[in-house]
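Engineer:
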Amino acid sequence: MNLDRSAMGRLMTVAVITVVWVSLSSSLFAFLVGGFLDGALSLLIAVAVVVAARSERVRTALATRPLNPWGTLAFAVVAISVIVFESGNLRFQSLTFMGELDPAALVRTIGAIGSILLSALLLWEVVRAYLQRG
Amino acid sequence: MKNHKALSRAGLIVVIAVSLFVCPLATGGYGLGYGLSRPAEARQIEFTPHVSTLEAEGTRQAATLATVGPGQSFEEGDPTRPKVMGIEDGDKQFGYGPLSGDPDLYAVWVTDSQGTHYLIVHKDSELLRGDVDSATGQRYQNGFDKYIRDREVIVSGLQSLNTSIRSHDESGKRFFNIGLPILAGAAVVCAVVTFGTCAPFIALGGAFMVPAFTNQESARALDDERLLEEGRLRVAEADVVSRFEGNSATGGPPQAP
Numbered sequence: 001m002n003l004d005r006s007a008m009g010r011l012m013t014v015a016v017i018t019v020v021w022v023s024l025s026s027s028l029f030a031f032l033v034g035g036f037l038d039g040a041l042s043l044l045i046a047v048a049v050v051v052a053a054r055s056e057r058v059r060t061a062l063a064t065r066p067l068n069p070w071g072t073l074a075f076a077v078v079a080i081s082v083i084v085f086e087s088g089n090l091r092f093q094s095l096t097f098m099g100e101l102d103p104a105a106l107v108r109t110i111g112a113i114g115s116i117l118l119s120a121l122l123l124w125e126v127v128r129a130y131l132q133r134g
Numbered sequence: 135m136k137n138h139k140a141l142s143r144a145g146l147i148v149v150i151a152v153s154l155f156v157c158p159l160a161t162g163g164y165g166l167g168y169g170l171s172r173p174a175e176a177r178q179i180e181f182t183p184h185v186s187t188l189e190a191e192g193t194r195q196a197a198t199l200a201t202v203g204p205g206q207s208f209e210e211g212d213p214t215r216p217k218v219m220g221i222e223d224g225d226k227q228f229g230y231g232p233l234s235g236d237p238d239l240y241a242v243w244v245t246d247s248q249g250t251h252y253l254i255v256h257k258d259s260e261l262l263r264g265d266v267d268s269a270t271g272q273r274y275q276n277g278f279d280k281y282i283r284d285r286e287v288i289v290s291g292l293q294s295l296n297t298s299i300r301s302h303d304e305s306g307k308r309f310f311n312i313g314l315p316i317l318a319g320a321a322v323v324c325a326v327v328t329f330g331t332c333a334p335f336i337a338l339g340g341a342f343m344v345p346a347f348t349n350q351e352s353a354r355a356l357d358d359e360r361l362l363e364e365g366r367l368r369v370a371e372a373d374v375v376s377r378f379e380g381n382s383a384t385g386g387p388p389q390a391p
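Chains A and B are the protein sequences, given in the same order. Mapping of the first sequence onto the working numbering: position 16 corresponds to residue 16, and the numbering continues sequentially without gaps. Take any residue in the second sequence, note its place counting from 1, add 134, and you have its number in the working numbering.
(1) Roughly how many angstroms lie between the CA atoms of glycine 71/A and asparagine 296/B, to the nearest whole one?
(2) By a C-beta neighbour count over all protein chains shown, 10 Å radius and 16 as the cutoff for buried, is valine 51/A buried or exposed?
(3) I'd like to know whether the C-beta of valine 14/A is nearer than 8 Å to at least one C-beta of chain B.
(4) Who pairs with aspartate 223/B in a beta bridge, going by DSSP?
(5) Considering only the beta carbon of each residue, do glycine 231/B and valine 218/B sit closer than 8 Å?
(6) Just to confirm, are valine 322/B and valine 58/A a CB contact at a threshold of 8 Å?
(7) If the criterion is Cβ atoms closer than 8 Å, does the pair valine 107/A and leucine 32/A meet it?
(8) Could you tell me whether the region 257 to 275 of chain B touches the region 70 to 85 of chain A, where touching means 3 or more Cβ pairs closer than 8 Å?
(9) For the region 61 to 68 of chain A against the region 307 to 314 of chain B, do three or more pairs of beta-carbon atoms, one drawn from each stretch, fall closer than 8 Å, so that the two count as touching?
(10) Within 8 Å (strictly less), CB to CB, does leucine 90/A reach chain B?
(11) So is serine 94/A in contact with chain B if we call contact Cβ pairs under 8 Å?
(12) What number of angstroms, rounded off, separates the C-alpha of threonine 198/B from the C-alpha of proline 216/B?
(13) Of all the CB atoms in chain A, is at least one closer than 8 Å to the CB of glutamine 350/B?
(14) Is any beta-carbon of chain B found at less than 8 Å from that of leucine 62/A?
(15) Whole-angstrom Cβ separation of phenylalanine 208/B and isoleucine 282/B, contact assumed at under 8 Å?
(16) Based on Cα-Cα distance, which residue from Phe29/A, Leu131/A, Phe85/A, Leu101/A lies nearest to serine 115/A?
(17) Serine 119/A to isoleucine 299/B, Cα distance in whole Å?
(18) Assuming contact is defined by CB atoms lying nearer than 8 Å, are leucine 238/B and lysine 257/B in contact in what I supplied?
(19) Can you pull the chain B residues whose beta carbon is under 7 Å from the beta carbon of tryptophan 21/A, in chain order?
(20) Within 8 Å of any Cβ in chain A, is that where the Cβ of leucine 159/B sits?
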C-alpha cells in the first residue's frame with residue numbers, strides 16, 4: 001500500500017502554504033505589538049520552510065522513495081493542531097480595545113480565519129490522499 | 135531494525151531534553167529573552183497622571199479669556215474655547231485642568247458620540263471637588279475629579295491587561311511557529327521512512343505546542359477579564375458624564391474639607 005505521488009505533492013503544497021501563512025500572520029502580529037525579535041523569527045521560519053520545501057534533496061527523496069501512507073496521518077496532526085490553536089485566537093469581541101479597532105487583534109483574527117481554512121483544505125487533501133492510496 | 139530503534143531512542147532523548155527547556159517557559163508565560171516575573175508585573179496597576187497640553191486655537195483667546203467665567207460651556211472645535219494649561223487628571227476624552235490665563239478657573243470635559251464638551255468651573259466648585267454638606271461643611275466624594283480618578287484607575291488596569299494579553303499571545307504564537315514547521319517536516323519525513331522513525335519528530339513538534347496552548351489559554355482568560363473591565367469603564371464614564379451634567383446622586387460619604 002503506497003501513497004500516491006501526486007497526492008503527496010498536493011499535501012506538501014497545502015502544508016507549506018499553511019505553515020507560511022501561520023508564520024507570516026504571526027510575524028505581522030508580533031511587529032504590531034512591538035515584538036521585533038519574534039516578528040523577525042517568524043519571518044525567517046516562513047522563508048526557511050519555502051527554501052526547505054523547494055530543496056532538491058526533499059524533491060529527490062519524495063520522487064524516488066516509496067511513499068508511506070503513515071505520512072498522511074502526520075499531515076492530519078498538523079492540520080488539526082492548526083485548527084485547534086487558531087480557533088483559540090478567534091475572539092471577535094476583542095477586535096476593539098476601549099472602543100477603538102485594535103490592529104493587532106484584527107491581524108490575529110484574519111490570520112486565524114486563513115489558517116483554519118487552509119488547514120481544512122489540508123485535512124481534505126489527507127482524506128483524498130488516503131482514498132487514492134495504491 | 136536495530137538502527138531504527140537507536141534512532142527512536144535518540145529522538146526520545148531529544149524530546150525529553152527539549153521538554154525540560156520548554157515546559158518551565160510555558161508555565162512562566164514568557165521565554166527567550168523575557169523576564170519570568172513580567173506577568174505579575176503587568177498585572178500591577180501603574181498610574182501615571184497625564185500632564186500633556188490640550189490642543190487649542192490661540193488666535194482669539196486673549197480677547198475671549200477676559201469674558202470666560204464659571205458655567206460657560208464650549209464644544210469641540212470652538213475657536214473661542216479657552217486654552218488649558220495642562221491636563222491635571224484624565225485624558226483628552228475625559229478630564230480637567232486649569233485655564234492658561236486664570237488658574238482659578240478649570241475646564242472639565244467629557245466625550246460622547248457628538249464630540250468633546252467643555253465646561254468652565256471654579257477650581258473649588260462643588261461640581262469639580264464634590265458637594266459640600268451644609269451642616270458640617272464637609273465635602274462629599276462625588277466630585278468630577280473623583281470620577282475622573284476612578285476612570286483613570288480602570289483605564290490604567292485595562293492597558294496593563296492588554297499588554298499582558300499581547301505578551302501571552304506573542305509567546306504562544308512563538309512556540310506554535312517553532313512547533314508547526316517541525317510537525318510539517320515530520321509529516322514529510324513520515325512519508326519516506328517508517329512511522330517509528332518519524333514519531334520522535336512529531337513528539338518534538340508536539341513539545342513546542344504545549345507552551346503555545348498554555349500561553350494562548352492564559353491570553354484568553356485575560357481577555358475575559360478585559361471584557362469585564364471594559365464594562366466597568368463604561369459605568370465609570372457614565373458616572374463622569376452624569377456628574378458633568380450636574381447630577382450628584384451617586385456621591386459617597388462626606389470627607390474632611
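Just so it is clear, CB atoms sit at the ideal spot from N, CA and C, and this is done for glycine as well. What you are looking at is a predicted structure, and each value in this text was computed from that prediction instead of being measured.
Structural biologist: In brief:
(1) 41 Å
(2) exposed
(3) no
(4) Tyr230/B
(5) yes
(6) yes
(7) yes
(8) No, the region 257 to 275 of chain B does not touch the region 70 to 85 of chain A.
(9) Contact between the region 61 to 68 of chain A and the region 307 to 314 of chain B is absent, because fewer than three Cβ pairs lie under 8 Å.
(10) no
(11) yes
(12) For threonine 198/B, the predicted structure reports a pLDDT of 45, less than 50, and the residue's modelled location is therefore unreliable. A value from the coordinates is still provided. For the pair threonine 198/B and proline 216/B, the Cα-to-Cα distance works out to about 7 Å.
(13) yes
(14) yes
(15) With 8 Å as the limit, phenylalanine 208/B and isoleucine 282/B do not qualify as a contact, their Cβ atoms being about 18 Å apart.
(16) That would be Phe85/A, whose Cα lies nearest to the Cα of serine 115/A.
(17) 25 Å
(18) One point to set straight first is that residue 238/B is aspartate, not leucine, in the sequence displayed. It is a contact, given that the beta carbons lie within the stated cut-off.
(19) Those within 7 Å of tryptophan 21/A in chain B number zero; the least Cβ separation is about 10 Å.
(20) With a pLDDT of 47 at leucine 159/B, under the threshold of 50, the modelled position of that residue is not reliable, and the figure given next carries that caveat. So, not an interface residue.
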